[in-house]
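For the sequence shown, counting from 1, position 86 maps to 96 in my numbering; every step adds exactly one.
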Amino acid sequence: MYTTGELSHELEQKSPHDGLRWLSQHLDQIAFSTALGEEDQVITHLIAKEKLPIRIFTLDTGRLFTESYDLLDLTQKNYQVDIEVYFPQASAVEKYVQESGVNGFYDSVEKRKACCNVRKVEPLKRALQNTKVWITGLRSAQSENRQAMQKVSYDSAMQVIKYNPLLDWTDEEMRAYIEVHNIPVNPLHKKGFLSIGCAPCTRALLPGEPIRAGRWWWEGTAKECGLHETKVLHNNTV
Numbered sequence: 011m012y013t014t015g016e017l018s019h020e021l022e023q024k025s026p027h028d029g030l031r032w033l034s035q036h037l038d039q040i041a042f043s044t045a046l047g048e049e050d051q052v053i054t055h056l057i058a059k060e061k062l063p064i065r066i067f068t069l070d071t072g073r074l075f076t077e078s079y080d081l082l083d084l085t086q087k088n089y090q091v092d093i094e095v096y097f098p099q100a101s102a103v104e105k106y107v108q109e110s111g112v113n114g115f116y117d118s119v120e121k122r123k124a125c126c127n128v129r130k131v132e133p134l135k136r137a138l139q140n141t142k143v144w145i146t147g148l149r150s151a152q153s154e155n156r157q158a159m160q161k162v163s164y165d166s167a168m169q170v171i172k173y174n175p176l177l178d179w180t181d182e183e184m185r186a187y188i189e190v191h192n193i194p195v196n197p198l199h200k201k202g203f204l205s206i207g208c209a210p211c212t213r214a215l216l217p218g219e220p221i222r223a224g225r226w227w228w229e230g231t232a233k234e235c236g237l238h239e240t241k242v243l244h245n246n247t248v
């Protein structure tokens with residue numbers, strides 16, 4: 011068994027490749043959640059090229075871009091990997107739409123977060139059941155609030171240890187790796203969509219805007235949906 015602190019000690023200085031390989035050799039019940047962003051495509055590539063025993067899943071909110079669905083299909087075929095797809099509960103979506111409207115998330119931050127909870131947070135909790143370590147593609151460079159995140163931490167909301175292998179990668183490092191290894195990415199990135207979520211909630215960036223400015227652009231919030239709530243608790247074990 012390993013505590014959060016012990017995993018942090020083992021993984022903090024390892025490269026993403028070495029960290030993923032070490033995890034797969036020492037633990038089971040490891041899951042990687044991909045949102046099909048550039049970071050996520052890098053991690054999928056790292057897992058697939060060595061056939062690491064790490065489960066890969068994604069969330070289909072029902073409101074994604076067509077390009078995202080096409081990339082999901084291409085990725086599975088290109089790497090010969092199974093990516094599990096989790097959907098929101100139909101009854102919860104119906105209730106939300108009946109009460110708030112099909113695009114009610116534009117009306118207030120509360121309604122937007124309620125939509126994210128139905129379409130993303132609840133499905134994620136189901137996807138992470140019986141999981142010891144949750145791997146994500148979070149990077150410090152993505153937003154100001156993500157700069158405070160650590161490579162290994164305990165997510166109290168999901169009750170799982172989280173590992174962010176690309177946390178300290180720069181934009182340049184990530185895109186150089188993608189180019190060298192010919193990793194498939196969403197064509198919307200070349201159209202200014204650097205952070206891609208649901209279609210109604212994502213727009214292309216304007217010149218000089220930070221990476222996540224195109225997400226929920228009508229709000230003045232921290233640009234998070236509730237998936238990533240972490241606390242550093244070193245005594246939790248897996």
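Ideal Cβ placement from N, Cα and C applies to all residues, glycine included. Computed from a predicted structure; not experimentally measured.
To which residues of the same chain is residue i closer than 8 Å at the C-beta, ignoring the five residues directly before and after it?
| i | result |
| --- | --- |
| F67 | A41, F42, S43, T44, I93, E94, V95, Y96 and A137 |
| A102 | V128 and E132 |
| G224 | G202, F203, L204, S205, T212, R213, A214 and L215 |
| P194 | Q51, L81, L84, T85 and N88 |
By DSSP, does residue i sit in helix, in strand, or in coil?
| i | result |
| --- | --- |
| D165 | strand |
| H238 | Bear in mind that the predicted position of H238 carries a pLDDT of just 46, short of 50, making it unreliable; the figure below should be weighed with that in mind. Here H238 sits in coil by DSSP. |
| Y96 | strand |
| L243 | No answer about L243 holds up, because its pLDDT of 49 lies below 50 and its placement is not dependable. |
| W144 | strand |
| F115 | helix |
| A214 | coil |
| R25 | The question names Arg, but residue 25 in the sequence shown is Ser. Note: S25 maps to coil in three-state DSSP. |
| K135 | helix |
| S43 | strand |
| K61 | coil |
| V195 | coil |
| I206 | coil |
Comparing C-alpha positions only, which one of the options sits nearest to residue i?
| i | options | result |
| --- | --- | --- |
| C208 | N113, R31, S25 and R149 | N113 |
| A260 | G29, D70 and R122 | The chain is shown from 11 up to 248; residue 260 falls before or after that span and cannot be answered. |
| D181 | P210, K161 and S150 | S150 |
| T54 | K130, N88 and L17 | N88 |
| I188 | E104, L56, C126 and R31 | L56 |
| R65 | I193, M159 and L30 | L30 |
Under 8 Å, Cβ to Cβ, is there at least one residue of chain D near residue i?
| i | result |
| --- | --- |
| V131 | Absent from the structure: chain D. Only one protein chain is present. |
Quick one: residues in its chain with C-beta nearer than 6 Å to the C-beta of residue i, no 5 flanking neighbours on either side, listed in chain order?
| i | result |
| --- | --- |
| L216 | none |
Just checking my contact of residue i with residue j at CB under 8 Å: how many whole Å lie between their CB atoms?
| i | j | result |
| --- | --- | --- |
| I37 | Y173 | What sits at residue 37 in the sequence shown is Leu, not Ile. Not a contact, Cβ separation roughly 10 Å. |
| L46 | L81 | 5 Å |
Please work out which residues of its chain come closer than 7 Å, Cβ to Cβ, to residue i, disregarding the five sequence neighbours upstream and downstream, and give them in chain order.
| i | result |
| --- | --- |
| H19 | none |
- [ ] Pair every Cβ in the stretch 60-79 with every Cβ in the stretch 171-190, then say whether three or more of these pairs are closer than 8 Å.
- [x] no
- [ ] Give a yes or no on contact between the stretch 50-59 and the stretch 108-127, applying the rule of three or more CB pairs nearer than 8 Å.
- [x] Too few Cβ pairs lie closer than 8 Å, so no.
Task: Stretch-stretch touch, CB-based, cutoff 8 Å, three pairs: the stretch 159-171 with the stretch 127-147 - done: Per the Cβ contact rule, the stretch 159-171 is in contact with the stretch 127-147 (3 or more Cβ pairs under 8 Å).
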